[in-house]
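Quick notes on the structure that follows.
Protein chains in written order, with our numbering: chain A, 24 to 330; chain B, 2 to 314; chain C, 229 to 588.
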């Protein structure tokens, strides 16, 4: 090619516009962008906005009512019970699944035999849906034919364990099922974190004669801080979503004793046509997620910028 | 110092003796055995209950094995159990679930893997921002977005129906649910693929570009064949997740297209008629069978999937 | 318009990542058939420059010409280049044959021609027995040979190498280095080669470009760079152990420092100079024992550390209060504490302005 040819080529070659560069890549990213903007941002804002309007059924004339929906929400006993249940369930679920998960992970970490089999057994409930979990435990906790009946037949006539019939303790009945379903997952997470810890730590603690349980609590646990944080965030965001477990196991009963916020929202939106309350309640759910999420995001990402 | 020689003769020598039944081991294995019992118990109870007749259930205890094994509850659960609306059993729910599952898994994985690939290798202005929104979106309670999505599905579905002159609808149809599963599968799957593609050496991508492959060429010929394990992991994640879904099934479908979980709940918690616990347990087991099979077959990959999904980007 | 005689021309190249300026108004002309090595420590921008030439990075400003054609906005595959990477970057799911033909298939070449080219490259690199294997079944050296083959089949004018030998062990690296040199002598294509390894640079290059902070410090033949480094950075960077450096004063054509005084009559000054300057002398340019007698300055030093390397021995001593390495014969019987007679001459030293660090 002579240099004159090259010169013509140069002038003929226009710089491709920035927008059209890697067009295929941008085209392929359209679903992601739509989902991020329209659904996660758009729909969230839409719901928050409408929680401040009076809308029994859409489309209907929207009327700005300020905090009226929130005032009604917080004066409804059903919502208050939902919140209380969520608090109890959340607190115990977090504590129990973390401690059970950690203990089980530590036991499995001891280079034991049948590790795979045991892990398979502990984790299998996690593969089951909440509906299946709820129904299975509904049957086991059945007051007439379930666990209570069996123990009484064994001779302990006064034995009483009927959480599904007792409004006071029904949430603990759900808790048992929830822990059964999810603790294996926490164990797997923590076990993966434990295995990620430098083997030399164990050699050092052996040389210094520190007992294994002390090593786990005072050395391994602090080193696993990031894994714990991840686990807590996952468990917490799962707790707020609890819905199908309650629907299947108790349908919110007895009465409204085992209602939870997620269920409350769905009922208000789709069954009692009280959208304003539903939006307000779901906004409250979002708020509680943010309370968990913002400190975490600050710790995770805010720290990196400074470091 | 003179003692050393005698000690050398008599002192410990050869491999250290290990006690198999040390107290430590008894505690560890004992605890683990009890734990396994607790986790296995519900499964055991479900199985034995589903194999008993109702008279035996009313008399006996839930832990005792069936005196007389019957498969009738299973047959009934599959084809005759009533939901309060109809008495077709779980079979319709099963076929609905399959019809929902296949396109949902396919579409969600296709969209998320391409997005993850674009995020890693073809960054554009703002791509990281969209990804961050996506990740934070994973934590937004579904309840916040559920109603506006109903409106979006109703309007766009209706619009498409009008334009094409068909009775096409998204709300209440399987395709609406496919879209919903794709949307809510996006955060976790995109994270999964993004993390995986990040681990593919950048030089491989550069080499392919020098070799003249474009966006889709590199995706299909280089990335896809290299990433089969992560596609399997994503499939396990999605099949289990979509099969087990209850909430979206209730909201976005109608009774004729209810997935199996919803159908199951309606059968068991139906207020009509006498409670047939054996049929209920058979139905529950039937619904749990698909994810359980996947879990036991895939084993390590399942564990890898949930661990990978949990690890932050 | 660029001159046709250059194979690759980089003109006023600028690259910024946000506020960070990685390449700064960089100019580089590479002759037809030349083996050019980009040498520098990590972060100097040498790999970045190579990626810009390949079109794998979008530049901020400037132009790139390959074979007289402006390729500044062209896709990598349109530039007429072949590239070899440090991690080989072989497609793991394809056979060796598949790896080598992938680019040709993308270019929609006829099947017969693809086969012919792949076979020819395989013969040149002697990898014919490996053609049906997957990369995982190859050793490191074989993989790199396949990677070179993949560049070779493209039948291009310019080959780009991004630290291709860094992942290999020392012996294999030396073998492949020789093979690369022979390959270049045979096919005579332009080659641009990025490395941080001085030995590779010195042995392979027709010319070396030493880079630092996104700028080319010196572009010259290996001999020139070794003997007449253009600034203090290049002097210090090339050679192992590094050049011994002294900061002193030049006055009346004499370098003086703490009792050391060297007449600079034998030194080839670019321009007369008076003031503070650095004096550098390479450990291997120091005369030892009887040879020292003929040198411009002579002194006795005490061997403080003796490092025998086999072929030669390194000795650490102090001269004018500064650490001073010298290289003596590997057979010399020197022990720690021995007195050694050394000397060096003005024609062997390098002088740099202490203020600008440029060669005097």
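Backbone N, C-alpha and C fix where the C-beta goes; we use that ideal spot for every residue, glycine too.
Problem - Three-state secondary structure (DSSP) of residue 73 of chain A - result: In the structure shown, residue 73 of chain A sits in a helix (DSSP, three-state: H, G or I).
Exercise for the section: Helix, strand or coil for residue 122 of chain A, going by three-state DSSP, please let me know. Expected result: The DSSP-derived three-state label of residue 122 of chain A is helix.
Handout entry: For residue 208 of chain A and residue 304 of chain A, the rounded distance between their alpha carbons
Key = Rounded to the nearest angstrom, the two C-alpha atoms are 29 Å apart.
Problem - Stretch pair the region 431-443 of chain C + the region 250-261 of chain C: three plus CB contacts closer than 8 Å - result: By the criterion of at least three beta-carbon pairs nearer than 8 Å, the region 431-443 of chain C is in contact with the region 250-261 of chain C.
Handout entry: Residue range of the unbroken beta strand (DSSP E) whose run includes residue 421 of chain C
Key = Element bounds for residue 421 of chain C: 418-423.
Handout entry: Pair within 8 Å by beta-carbon distance, residue 329 of chain C and residue 342 of chain C
Key = Yes. Within cutoff.
Practice task
Please state whether DSSP places residue 240 of chain B in a helix, a strand or coil.
Solution key: Looking at residue 240 of chain B - three-state DSSP - the assignment turns out to be helix.
Practice task
Tell me whether residue 143 of chain B is buried or exposed, calling it buried when 16 or more other Cβ atoms sit within 10 Å of its Cβ.
Solution key: Under a 10 Å Cβ-count criterion, residue 143 of chain B is classified as buried, with 16 or more other Cβ atoms of the shown protein chains found around its own Cβ.
Problem - Best match in C:583, C:549, C:537 and C:548 for proximity to residue 562 of chain C [C-alpha to C-alpha] - result: Ranked by how close their Cα comes to the Cα of residue 562 of chain C, the residues C:583, C:549, C:537 and C:548 have C:537 in first place.
Practice task
Tell me whether residue 24 of chain B is buried or exposed, calling it buried when 16 or more other Cβ atoms sit within 10 Å of its Cβ.
Solution key: Counting Cβ neighbours within 10 Å, residue 24 of chain B comes out exposed, since fewer than 16 surround it.
Handout entry: Short CB-CB distance (under 8 Å) between residue 92 of chain B and chain A
Key = No, residue 92 of chain B does not count as interfacial toward chain A.
Problem - Proximal chain B residues relative to residue 454 of chain C, where beta-carbon distance stays under 9 Å - result: Annotation: residue 454 of chain C has no Cβ neighbours in chain B at a cutoff of 9 Å; minimum Cβ distance is about 31 Å.
Handout entry: Terminal residues of the alpha helix (DSSP H) in which residue 179 of chain B lies
Key = 175-200 is the extent of the alpha helix (DSSP H) around residue 179 of chain B.
Exercise for the section: Taking residue 437 of chain C as part of the beta strand (DSSP E), name the residues at either end of that continuous run. Expected result: Start and end: 435-440.
Practice task
Name, going along the chain, the residues of the region 206-224 of chain B whose beta-carbon falls closer than 7 Å to a beta-carbon of chain C.
Solution key: Residues of the region 206-224 of chain B with a C-beta atom less than 7 Å from some C-beta of chain C are 207, 208, 210, 211, 212, 213, 214, 218 and 223, listed in chain order.
Problem - Interface residues of the region 176-209 of chain B facing chain C [CB-CB below 7 Å] - result: Cβ contacts with chain C: 202, 204, 205, 207 and 208.
Problem - Same chain only: Cβ atoms within 6 Å of residue 585 of chain C, ignoring 5 sequence neighbours per side - result: In the same chain as residue 585 of chain C, and ignoring 5 residues on each side of it, the C-beta atoms closer than 6 Å to its own belong to 459 and 460, in chain order.
Problem - Cutoff 8 Å: residue 67 of chain A Cβ touching any chain B Cβ - result: Output row for residue 67 of chain A: interface = yes.
Problem - Buried or exposed (CB count within 10 angstroms, at least 16 for buried), residue 330 of chain A - result: Because residue 330 of chain A sits at a pLDDT of 32, beneath the cut-off of 50, its placement in the model cannot be relied upon, and the point is left open.
Handout entry: Start-to-end residues for the alpha helix (DSSP H) that takes in residue 56 of chain B
Key = Following the DSSP letters along the chain, one finds residue 56 of chain B inside the alpha helix (DSSP H) bounded by residues 55-60.
Handout entry: Local conformation of residue 25 of chain A per DSSP, three classes
Key = With a pLDDT of 40 at residue 25 of chain A, under the threshold of 50, the modelled position of that residue is not reliable, and the figure given next carries that caveat. Residue state for residue 25 of chain A is assigned as coil, using DSSP reduced to three classes.
Exercise for the section: Would you mind sorting residue 153 of chain B into buried or exposed? The rule is 16 or more other CB atoms within 10 Å of its CB. Expected result: Residue 153 of chain B is buried by the Cβ-count criterion.
Problem - residue 331 of chain C versus residue 272 of chain C - alpha carbon distance - result: Rounded to whole angstroms, the gap between the alpha carbons of residue 331 of chain C and residue 272 of chain C is 31 Å.
Problem - Listed by chain order, chain A residues near residue 32 of chain B by CB distance under 7 Å - result: For residue 32 of chain B, the chain A residues whose Cβ falls inside 7 Å of its Cβ are 130, in order along the chain.
Handout entry: Partner residues on chain C for residue 226 of chain B, Cβ-Cβ distance less than 9 Å
Key = 319, 320, 321 and 322, listed in chain order.
Problem - Contacts of residue 133 of chain A in chain B (Cβ-Cβ under 8 Å) - result: Those within 8 Å of residue 133 of chain A in chain B are 29.
Exercise for the section: Give me whichever residues DSSP pairs with residue 552 of chain C in a beta bridge. Expected result: According to DSSP, residue pairing for residue 552 of chain C in a beta bridge involves C:545.
Handout entry: Rounded C-alpha distance that separates residue 578 of chain C from residue 559 of chain C
Key = Using only the alpha carbons, I get a separation of about 29 Å.
Problem - alpha helix (DSSP H) segment containing residue 156 of chain B, residue limits - result: 143-165 is the extent of the alpha helix (DSSP H) around residue 156 of chain B.
Problem - chain A contact for residue 55 of chain B (CB, 8 Å cutoff) - result: Residue 55 of chain B does not count as touching chain A.
Handout entry: Inter-stretch contact at 8 Å, needing at least 3 Cβ pairs: the region 169-177 of chain A / the region 55-64 of chain B
Key = A contact is defined here as three or more CB-CB pairs under 8 Å, and the region 169-177 of chain A meets this definition with respect to the region 55-64 of chain B.
Problem - 8 Å Cβ cut-off: residues of chain B touching residue 45 of chain A - result: The answer, in chain order, is 123, 125 and 216.
Practice task
Under 8 Å by Cβ, that's how I've got residue 155 of chain A and residue 281 of chain A pegged, so tell me the actual separation to the nearest angstrom.
Solution key: Not quite, the Cβ-Cβ distance comes to about 18 Å (not below 8 Å), so this is no contact.
Exercise for the section: Return the chain-ordered list of same chain residues with a C-beta closer than 7 Å to the C-beta of residue 188 of chain A, the five sequence neighbours on each side being excluded. Expected result: Taken in chain order, the residues that qualify are 166 and 277.
Problem - Under 8 Å from the C-beta of residue 247 of chain C: neighbouring residues of chain B - result: Within chain B, no residue has its CB atom less than 8 Å from the CB of residue 247 of chain C, the nearest being about 16 Å off.
Practice task
Along the beta strand (DSSP E) that carries residue 312 of chain C, what are the first and last residues, could you check?
Solution key: Residues 309-312.
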